[in-house]
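Numbered according to this note's numbering, the sequence shown terminates at residue 134, and the numbering increases by one at each position without gaps.
Note that beta-carbon positions come from the ideal geometry of N, C-alpha and C, so glycine has one too.
Below: the structure, in structure tokens.
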Amino acid sequence: MAVKRPQDMARAWQEALNRGDLEELVALYEPNATLIPQPGRTVTGPGIREALGPFLATKPRISLRSTNIIECDGIALIYGAWTMQGTGPDGQPVEMQGQSTEVLRRQADGTWRYLIDDPYSVREA
């Protein structure tokens, strides 16, 4: 799904993840984008596919919402909140929640893609 407006990114990511569609998730990122797949770990470019693949194996269900969007000159800064349920490596149910900070950039064709995606940007010190 091509994202035409920054406010549509949360829905696009949520729908792709909940379907387990790795190709659609990866397509939401610029080729050299950066993702923080877990606190303290950063991946870039092809590492995004490598990080999201095993994550999808947990069959996660996520609910995302953008809480604030600031847009300027083809760049959008998005603050969001999420909750997720899945299955841990031990087969037990896992529930997580967090707050995210994302940077999107408008592409030459007018669509938007992730440049930076940090779903764990707000953490306890």
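From residue i to residue j, what distance separates their C-alpha atoms?
| i | j | result |
| --- | --- | --- |
| residue 33 | residue 18 | 12 Å |
| residue 101 | residue 61 | 20 Å |
| residue 3 | residue 50 | Here the chain covers residues 10 to 134 and nothing more, so residue 3 does not appear. |
| residue 79 | residue 111 | 11 Å |
| residue 35 | residue 97 | 23 Å |
| residue 28 | residue 105 | 18 Å |
| residue 124 | residue 57 | 12 Å |
| residue 30 | residue 71 | 13 Å |
| residue 10 | residue 67 | 23 Å |
Would residue i and residue j be called neighbours here (beta carbons separated by less than 8 Å)?
| i | j | result |
| --- | --- | --- |
| residue 15 | residue 91 | no |
| residue 63 | residue 93 | no |
| residue 87 | residue 75 | yes |
| residue 82 | residue 109 | no |
Could you please give the first and the last residue of the uninterrupted beta strand (DSSP E) stretch that includes residue i?
| i | result |
| --- | --- |
| residue 122 | 121-127 |
For residue i, which residues of its own chain have a beta-carbon under 8 Å away from its beta-carbon, when the five flanking residues on both sides are left out?
| i | result |
| --- | --- |
| residue 53 | 41, 42, 43, 44 |
Determine the extent of the alpha helix (DSSP H) in which residue i is found, giving its start and end residues.
| i | result |
| --- | --- |
| residue 20 | 18-28 |
Compute the minimum distance between the beta carbon of residue i and the heavy atoms of the ligand MN, and state whether it is under 7 Å.
| i | result |
| --- | --- |
| residue 87 | The ligand MN is absent from the structure shown, which contains no ligand whatsoever. |
(message) Report the start-end ranges of each beta strand (DSSP E) in the segment 30-104 that is 3 residues or longer and not cut off at the edges.
(response) 38-47, 50-53, 70-81, 84-96
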